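Undergrad: Protein chains in written order, with the numbering used here: chain Z, 352 to 471; chain C, 1284 to 1390.
Using N, Cα and C, we set each Cβ at its ideal position, and we do this for glycine too.
What you are looking at is a predicted structure, and each value in this text was computed from that prediction instead of being measured.
Dumping the structure here so I can ask a few things about it.
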Amino acid sequence: QVTLKESGPGILQPSQTLSLTCTFSGFSLSTYGMGVGWIRQPSGKGLEWLANIWWDDDKYYNPSLKNRLTISKDTSNNQAFLKITNVDTADTATYYCARIDNSGYYFDYWGQGVMVTVSS
Amino acid sequence: DIQMTQSPSSMSASLGDTVTINCLASQDIGNYLSWYQQKPGKSPKLMIYGATNLEDGVPSRFSGSRSGSDYSLTINSLGYDDEGIYHCHQYYEYPLTFGSGTKLEIK
Chain Z
352 QVTLKESGPG
362 ILQPSQTLSL
372 TCTFSGFSLS
382 TYGMGVGWIR
392 QPSGKGLEWL
402 ANIWWDDDKY
412 YNPSLKNRLT
422 ISKDTSNNQA
432 FLKITNVDTA
442 DTATYYCARI
452 DNSGYYFDYW
462 GQGVMVTVSS
Chain C
1284 DIQMTQSPSS
1294 MSASLGDTVT
1304 INCLASQDIG
1314 NYLSWYQQKP
1324 GKSPKLMIYG
1334 ATNLEDGVPS
1344 RFSGSRSGSD
1354 YSLTINSLGY
1364 DDEGIYHCHQ
1374 YYEYPLTFGS
1384 GTKLEIK
């Protein structure tokens, strides 16, 4: 059974760095073709893809967030991470991690999401 | 970036109706298109992948189709449980993009 769960600070101040953790089970990020992605959703708005990381440590980022994103993984502990530097109120959103299926490259399982508020 | 133009933004339909939600890709994405259902306060749930493939466990009332760069999600015999927001998503090319969502209300 595949499960993913996000964790984060809940609230942080503008200019700080947001650190998110995705802890998963039921698959391994060392398996050929597997990946994990991060997607966010401001309240009442649509989904925005942020970054993907693959089994071979290949990484892809949304250029709209320029150089603020860093994705990484800890295969031994079944975790993936996302850091967003220099946050501001526009980064307030629910953040999801999702598994990328190794047969089709789509997001097949999603975590429950973690709400992050940026406020002074 | 590939733009996914989703329509309508919202719709209301009755029990037992058939509805169709559309996504138009700004360039060729082949069949690299998935559909998600999202209920209030919940994460998106995969319904269709590869434009036309039904995810395991999803009722056969749901179907996906493609005509060129136009992609559709059709739901037959609407039930109350089908209420929610539906998102299309292209995974053909980075940056990955989503449609703006369609809110489906059951009257």
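Just how far apart, CA to CA, sit Phe432/Z and Tyr1375/C?
TA: 24 Å
Undergrad: Skipping 5 residues on each side, what residues in its chain have a beta carbon closer than 6 Å to that of Asn1305/C?
TA: Once the five neighbours on either side are set aside, the close Cβ partners of Asn1305/C are Ser1290, Ser1355.
Undergrad: For the region 1323 to 1354 of chain C, which residues have a CB atom closer than 7 Å to at least one CB atom of chain Z, in sequence order?
TA: So the list reads Ser1326, Pro1327, Leu1329, Tyr1332, Gly1333, given in the order they occur along the chain.
Undergrad: What does Gly462/Z reach in chain C if we use C-beta pairs closer than 7 Å?
TA: Ser1326
Undergrad: So, using beta-carbon positions, are Leu369/Z and Glu357/Z closer together than 8 Å?
TA: no
Undergrad: Count the CB pairs spanning the region 1284 to 1299 of chain C and the region 1325 to 1343 of chain C that are closer than 8 Å, and state whether there are at least three.
TA: no
Undergrad: Please report the residue range of the beta strand (DSSP E) in which Met1287/C lies.
TA: 1287 to 1290
Undergrad: With a threshold of 8 Å, are at least 3 pairs of Cβ atoms found where one atom belongs to the region 450 to 466 of chain Z and the other to the region 378 to 390 of chain Z?
TA: yes
Undergrad: Buried or exposed, going by whether 16 or more other CB atoms sit within 10 Å of the CB of Lys396/Z?
TA: exposed
Undergrad: Please list the terminal residues of the continuous beta strand (DSSP E) segment that includes Glu399/Z.
TA: Per DSSP, Glu399/Z belongs to the beta strand (DSSP E) from 399 to 405.
Undergrad: Between the beta-carbon of His1370/C and the beta-carbon of Tyr1332/C, is there less than 8 Å?
TA: With contacts defined as CB atoms closer than 8 Å, His1370/C and Tyr1332/C fail to qualify as a contacting pair.
Undergrad: Just curious, the beta strand (DSSP E) that Leu445/Z is in, first and last residue?
TA: Here residue 445/Z turns out to be Thr, not Leu, going by the sequence shown. Unbroken beta strand (DSSP E) run through Thr445/Z: 444 to 451.
Undergrad: By a C-beta neighbour count over all protein chains shown, 10 Å radius and 16 as the cutoff for buried, is Thr1385/C buried or exposed?
TA: Burial call: buried.
Undergrad: Give the straight-line distance between the Cα atoms of Lys417/Z and Val469/Z, rounded to the nearest whole angstrom.
TA: 19 Å
Undergrad: Run the CB neighbour count on Val353/Z, radius 10 Å, all protein chains shown included, and call it buried at 16 or more, exposed below.
TA: exposed
Undergrad: Can you tell me the Cα-Cα spacing of Lys434/Z and Ser1383/C, whole angstroms?
TA: 25 Å
Undergrad: By Cβ distance below 7 Å, which residues in the same chain neighbour Asp439/Z in space, the five residues on each side in sequence not counted?
TA: Pro365, Val469
Undergrad: Skipping 5 residues on each side, what residues in its chain have a beta carbon closer than 6 Å to that of Gln392/Z?
TA: Leu398, Ala444, Thr445
Undergrad: Less than 7 Å between the CB of Trp1318/C and some heavy atom of the ligand SAH, yes or no?
TA: Of ligands this structure carries none, so the ligand SAH is not represented either.
Undergrad: Return the CA-CA distance between Ile1312/C and Gly359/Z, expressed in angstroms with no decimal places.
TA: When only Cα atoms are considered, Ile1312/C and Gly359/Z end up about 34 Å apart.
Undergrad: What residues in its chain sit with their C-beta under 7 Å from that of Leu1299/C, if we drop five residues either side in the sequence?
TA: Note on residue identity: the sequence assigns Gly, not Leu, to residue 1299/C. Excluding residues within five positions, the ones whose Cβ falls inside 7 Å are Ser1360, Leu1361.
Undergrad: Are the C-beta of Pro1291/C and some C-beta of chain Z separated by less than 8 Å?
TA: no
Undergrad: With a threshold of 16 other CB atoms inside 10 Å of the CB of Ala441/Z, please say whether the residue is buried or exposed.
TA: exposed
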